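In my numbering, the protein residues as written are 9 to 100. A quick write-up on the structure given underneath.
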Amino acid sequence: MINFSNLLKHKVKELEQNMNIGKETLSKFKFKLKQIIILLFFVAIAVTFRITLGFSPLVDNLVMIFFILLGCWFTYQNYKKKETETKRHGIE
């Protein structure tokens with residue numbers, strides 16, 4: 009005879025795991041989107057400076073590279089912060 013109570017518990021546990029996976033995926037997507045927005049923000053600042061404060065091509069390129077690297081650094085720091093938080097909480 010089939011034990012419906014155990015079957016129901018198993019299905020509920022399975023659904024909870026699937027919901028948690030969905031939340032983690034959404035959280036990772038939001039985090040990646042935030043990183044991309046930060047990077048694009050710094051690129052926009054660099055382009056604005058390049059257009060409005062046109063010095064020499066060398067200085068313009070150095071300022072552009074600086075802001076792009078700054079944006080990459082912020083996204084890297086956010087990634088490391090998120091990684092340490094997930095390790096601290098034991099989430100893969």
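Glycine included, every Cβ here is placed at the ideal spot set by N, Cα and C. Predicted, not measured: the structure shown is a model, and the values here were computed from it.
Classify residue i as helix, strand or coil using the three-state DSSP reduction.
{"i": "Leu-61", "result": "coil"}
{"i": "Met-9", "result": "Confidence at Met-9 is low in this model, with a pLDDT of 49, below 50, so its placement is unreliable and no value can be given for it."}
Are the beta-carbon atoms of residue i and residue j separated by less than 9 angstroms?
{"i": "Phe-82", "j": "Leu-47", "result": "yes"}
{"i": "Val-51", "j": "Leu-61", "result": "no"}
{"i": "Asn-86", "j": "Phe-37", "result": "no"}
Given residue i, which residues of its chain have a CB within under 8 angstroms of its CB, disregarding the five upstream and five downstream residues?
{"i": "Phe-74", "result": "Ala-54"}
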